[in-house]
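Student:
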Amino acid sequence: MRERTSLEDQISAVKRLEQELEDAITLIELGEAEDDEATIKEGEETIRTLQAEAARRQVETLLSGEADANDTYVEVHSGAGGTESQDWANMLQRMYARWAERRKYKVELLEITDGEEAGIKSATLLIKGHNAYGWLKTESGVHRLVRISPYDSNARRHTSFASVWVYPVVDDRINIEIKESDCRIDTFRSSGAGGQHVNTTDSAVRITHIPTGIVVACQQERSQHKNRATAWNMLRARLYELELKKREEKANAEAAAKTDIAWGHQIRSYVLQPYQMVKDLRTGAQSTSPQDVLDGDLDPFMEASLAQRVYGGSGEVEDID
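At position 134 of the sequence shown the residue is numbered 144 (this note's numbering), and the sequence of numbers has no breaks.
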């Protein structure tokens with residue numbers, strides 16, 4: 011039913027765009043015949059609006075991968091650097107949550123590990139919505155932040171790193187077999203506020219898949235059984251995403267980008283001082299408004315990355331200081 015709804019939406023959108031374009035052209039022709047400048051401007055404005063929508067729809071046609079229409083998990087991990095990188099990881103987690111809210115997607119926080127002083131060491135978001143994985147899949151990699159640190163009394167400029175890992179939710183159509191003997195299951199107490207229950211019960215669950223080294227954790231629910239079920243689903247999703255990566259030509263390059271959360275491996279740089287710039291090092295896409303990007307305005311970067319995957323182009327891009 012979801013696939014049918016998606017196809018109906020795409021077909022009806024094309025038909026509507028064609029009809030509205032035809033109406034706008036007729037309106038301009040009438041305006042020119044009657045020398046009515048206001049009517050001509052109205053028709054031209056309609057065409058500009060249609061052009062923007064057509065461009066957006068064209069990008070959506072790039073989301074044709076096997077799991078692109080699925081919901082997605084987004085993991086954020088802080089890099090070396092203590093409080094600085096933990097605060098940056100927290101900013102990234104907020105950025106993706108805000109992006110999802112802009113698209114009317116549902117966001118759930120499945121797991122979070124707080125930093126010692128501020129920020130987070132790691133967090134896992136579940137983002138539910140049509141094409142959620144398709145849009146976010148190009149965000150996996152190391153993200154670099156340059157700013158004057160609010161934690162440095164000497165107001166020096168600091169560079170921080172955090173990594174993002176995106177993988178799709180596996181639905182019932184996809185069968186992933188996991189041997190329990192290949193996994194180690196640990197239970198622990200949930201972190202953060204939650205009252206007497208979370209402070210006295212080992213309700214959080216962590217599963218380690220020994221052959222691949224993949225680790226997933228869930229502490230969202232009060233029940234250990236529910237957390238265990240969610241963690242198994244997350245592990246199935248990670249193993250499926252790993253298989254998808256193997257099929258892609260860029261798998262080796264992306265795996266190398268995940269080896270170190272440090273200099274030389276970043277996919278995007280966010281500079282807040284001494285000037286303001288966000289630059290994607292894969293496509294060359296830029297924004298001079300980092301605050302808008304950190305508030306969830308990520309679509310231009312995602313569209314450029316998706317287009318590059320399909321059409322190629324943009325070789326090595328020079329980073330910014």
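From the three backbone atoms N, C-alpha and C, an ideal C-beta is built for every residue, glycine too.
#1: Assess contact between the stretch 62 to 82 and the stretch 305 to 318, defined as three or more Cβ pairs (one per stretch) separated by less than 8 angstroms. Is contact present?
#2: By DSSP's criteria, L155 is part of a beta bridge. Which residues make up the other side?
#3: Using the Cα positions of E32 and A133, report the straight-line distance between them to the nearest angstrom.
#4: Compute the minimum distance between the beta carbon of E47 and the heavy atoms of the ligand GDP, and state whether it is under 7 angstroms.
#5: For M287, which residues does DSSP report across the bridge?
#6: So, at 6 angstroms on beta carbons, what are the nonlocal neighbours of V156 in its own chain, with the 5 sequence-adjacent residues on each side left out?
#7: Which two residues bound the contiguous alpha helix (DSSP H) that contains I188?
#8: Can you name the start and end residues of the beta strand (DSSP E) that K131 belongs to?
#9: May I ask you to verify whether the stretch 190 to 201 touches the stretch 99 to 108, counting CB pairs closer than 8 angstroms and requiring at least 3?
#10: Let me confirm a value: A261 is counted as buried when at least 16 other C-beta atoms fall within 10 Å, else exposed. Which label applies?
#11: Report back the beta-carbon spacing between D305 and R108 to the nearest angstrom; my notes put them in contact at under 8 angstroms.
#12: I'd like the span of the alpha helix (DSSP H) that includes T36, first residue to last.
#13: Where are the alpha helix (DSSP H) runs, 4 residues long or more, that stay fully inside the stretch 68 to 145, in chain order?
#14: Mind checking whether I137 and T82 have CB atoms under 8 angstroms apart?
#15: Would you please state the rounded distance, in angstroms, between the beta carbons of I50 and E42? I believe it to be under 8 angstroms.
#16: Beta-carbon within less than 6 angstroms of L249's beta-carbon, same chain only, minus the 5 sequence neighbours each way: which residues are those?
#17: Is it right to say A85 is buried, meaning 16 or more other beta carbons lie within 10 angstroms of its own, or is it exposed?
#18: When you compare the CB positions of L245 and H219, do they come within less than 8 angstroms of one another, or not?
#19: Could you give the first and the last residue of the continuous beta strand (DSSP E) run that contains V215?
#20: Tell whether a beta-carbon distance below 8 angstroms holds between P178 and E251.
#21: Which residue comes first and which comes last in the beta strand (DSSP E) that contains V225?
#22: With three or more C-beta pairs closer than 8 angstroms as the rule, is the stretch 285 to 302 touching the stretch 159 to 176?
#23: Can you name, in chain order, every residue of its own chain whose Cβ lies under 8 angstroms from the Cβ of V225, other than the five neighbours on each side?
#24: From F171 to E52, what does the alpha carbon distance come to, in whole angstroms?
#25: Residues in its own chain within less than 6 angstroms of A77 by CB, not counting five upstream and five downstream?
#26: Around the Cβ of Q29, are there at least 16 other Cβ atoms within 10 angstroms (buried) or fewer (exposed)?
#27: Rounded to whole angstroms, what's the CA-CA distance from L17 to W175? Just pull it up for me.
#28: Between which two residues does the alpha helix (DSSP H) containing D196 stretch?
#29: Of all the options H140, S233, R67 and W242, which has the alpha carbon lying nearest to the alpha carbon of K116?
#30: Under 8 angstroms between the Cβ atoms of S88 and I130?
#31: Please say whether H153 and Q276 have beta carbons closer to each other than 8 angstroms?
Tutor: The structure says:
#1: At 8 angstroms Cβ cutoff, the stretches touch.
#2: For the purposes of this step, residue 155 is taken as the residue at position 145 of the sequence shown. S170 and Y280, per the DSSP bridge assignment.
#3: Within the sequence shown, the letter at position 22 stands for residue 32. Within the sequence shown, the letter at position 123 stands for residue 133. So the two alpha carbons sit approximately 49 angstroms from each other.
#4: What this structure holds is no ligand at all, so the ligand GDP is not there to describe.
#5: Numbered from 1 along the sequence shown, position 277 holds the residue referred to as residue 287. V281.
#6: Counting from 1 along the sequence shown, the entry for residue 156 is found at position 146. Within the same chain, V156 has close Cβ partners T169 and V281.
#7: Stepping through the sequence shown from its first residue, residue 188 is reached at position 178. From DSSP, I188 is part of no alpha helix (DSSP H); its letter is neither H nor E.
#8: Indexing the sequence shown from 1 puts residue 131 at position 121. K131: member of the beta strand (DSSP E) spanning I130 to K138, first to last residue.
#9: The stretch 190 to 201, when compared against the stretch 99 to 108, does not touch it at the 8 angstroms Cβ threshold.
#10: Numbered from its first residue, the sequence shown carries residue 261 at position 251. Note that A261 has pLDDT 42, beneath the 50 cutoff, so the model's placement of it is unreliable and no number is given.
#11: To locate residue 305, count along the sequence shown from 1; it is residue 295. To locate residue 108, count along the sequence shown from 1; it is residue 98. Between D305 and R108 the beta-carbon gap is near 5 angstroms, inside 8 angstroms, which marks them as a contact.
#12: To locate residue 36, count along the sequence shown from 1; it is residue 26. T36 -> alpha helix (DSSP H) spans R12 to A43.
#13: Runs found: 93 to 112.
#14: Residue numbering aside, residue 137 sits at position 127 when the sequence shown is read from its first letter. Residue numbering aside, residue 82 sits at position 72 when the sequence shown is read from its first letter. In contact: I137 and T82 (Cβ atoms closer than 8 angstroms).
#15: Numbered from 1 along the sequence shown, position 40 holds the residue referred to as residue 50. Numbered from 1 along the sequence shown, position 32 holds the residue referred to as residue 42. The pair is a contact, with the Cβ atoms about 6 angstroms apart (cut-off 8 angstroms).
#16: Indexing the sequence shown from 1 puts residue 249 at position 239. So the qualifying residues of the chain are I186.
#17: In the sequence shown, the residue the question calls residue 85 occupies position 75. Contrary to the premise, residue 85 reads as Glu rather than Ala in this sequence. Buried is the call here.
#18: Counting from 1 along the sequence shown, the entry for residue 245 is found at position 235. Counting from 1 along the sequence shown, the entry for residue 219 is found at position 209. Yes, they are a contact pair.
#19: On the sequence shown, residue 215 is found 205 positions in, with the first residue counted as 1. Where V215 is concerned, the enclosing beta strand (DSSP E) stretches over A214 to H219.
#20: Counting from one through the sequence shown, the residue named residue 178 turns up at place 168. Counting from one through the sequence shown, the residue named residue 251 turns up at place 241. The answer is yes: Cβ separation under 8 angstroms.
#21: In the sequence shown, counting from the first residue as 1, residue 225 sits at position 215. Start and end: I224 to C228.
#22: The stretch 159 to 176 and the stretch 285 to 302 do not touch, with fewer than 3 CB-CB distances between them shorter than 8 angstroms.
#23: Your numbering for residue 225 matches position 215 in the sequence shown. So the list reads R216, I217, T218 and H219, once near-sequence residues are dropped.
#24: As a first step, residue 171 is located in the sequence shown; it is residue number 161 there, counting from the start. As a first step, residue 52 is located in the sequence shown; it is residue number 42 there, counting from the start. Distance between F171 and E52, taken at the CA atoms: about 48 angstroms.
#25: Working through the sequence shown from its first residue, we reach residue 77 at position 67. The beta carbon of A77 sits closer than 6 angstroms to the beta carbons of Y143 and P178 from its chain, once the five residues preceding and following it are set aside; these are given in chain order.
#26: Translated into positions along the sequence shown, residue 29 becomes position 19. Taking all protein chains in view, the Cβ of Q29 is surrounded by fewer than 16 other Cβ atoms within 10 Å, so the residue is classified as exposed.
#27: On the sequence shown, residue 17 is found 7 positions in, with the first residue counted as 1. On the sequence shown, residue 175 is found 165 positions in, with the first residue counted as 1. Cα to Cα, L17 sits roughly 29 angstroms from W175.
#28: Sequence index remark: in the sequence shown, residue 196 carries index 186 (1-based). No alpha helix (DSSP H) holds D196; the beta strand (DSSP E) holding it covers C193 to F198.
#29: As a first step, residue 116 must be located in the sequence shown, where it is residue number 106. With distances taken between Cα atoms, K116 lies closest to H140.
#30: To locate residue 88, count along the sequence shown from 1; it is residue 78. To locate residue 130, count along the sequence shown from 1; it is residue 120. With respect to I130, S88 sits close: the two C-beta atoms are nearer than 8 angstroms.
#31: Here residue 276 refers to the residue found at position 266 when the sequence shown is read from its first residue. Here residue 153 refers to the residue found at position 143 when the sequence shown is read from its first residue. Contact flag set, yes.
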